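Chemist:
In the numbering used here, the protein residues as written are 213 to 387.
This is how it looks when you write it as structure tokens:
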């Protein structure tokens, strides 16, 4: 999103295939240079099973208690759609991603939702499904996101060696 007024409530509605979502709202991050503290929720390994629903409900409870968060950082292993094996039809993975998306929608619709891939999103098949839903700045193994004065750099070592000459070390100036 562009042209957001820092620190203000923004209302929006999503329209697709002739249907409209309810009117949703979120508070934009504070202005760059502001001394307002930033606060984020963080999770990983969520999936769509029993404990996943409990974790999501816990985060929603925090929001309902008027705790303000500027964003959500999800460090990999989102839907676990690859758990069914590579021989499954594409619609089965899409269906699980849809279920996961509906589960996290109450959170993701109220704040910036930043994702990085985990080992369950790294295979080629799963990467095709994921990239249709999330735009990542970078590649499947290295990227960045930013909210106001926070620049979040993520990388995963599932496909690359962890050496001083690796893509991650070179990209981060660590070599």
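Just so you know, even glycine gets a beta-carbon here, dropped at the ideal spot from N, CA and C. Computed from a prediction, not measured in an experiment: that's the story for all the values here.
Starting from the Cα of residue 281, find the closest Cα among 332, 259, 319 and give me that residue.
Modeler: 319
Chemist: Identify which residue in 238, 253, 219 has its Cα closest to the Cα of residue 247.
Modeler: 219
Chemist: From residue 253 to residue 231, what does the alpha carbon distance come to, in whole angstroms?
Modeler: Taking the straight line from one Cα to the other gives about 30 Å.
Chemist: What is the C-beta distance between residue 389 and residue 260, in whole angstroms, given that I count them as a contact (C-beta under 8 Å)?
Modeler: Given that the chain is displayed from residue 213 to residue 387, the structure contains no residue 389 and the question cannot be resolved.
Chemist: Can you check which of these residues, 276, 289, 277, is closest to residue 333 by C-alpha distance?
Modeler: 289
Chemist: Could you tell me which whole beta strand (DSSP E) segments of length 3 or greater appear in the stretch 245-315?
Modeler: 252-255, 283-287
Chemist: Would DSSP call residue 236 helix, strand or coil?
Modeler: strand
Chemist: So, are the CB atoms of residue 323 and residue 283 less than 7 Å apart?
Modeler: yes
Chemist: Count the other C-beta atoms from every protein chain shown that fall within 10 angstroms of the C-beta of residue 238, then say buried if there are 16 or more, exposed otherwise.
Modeler: By the neighbour-count criterion, in which a residue is buried when 16 or more other Cβ atoms sit within 10 angstroms of its Cβ, residue 238 is buried.
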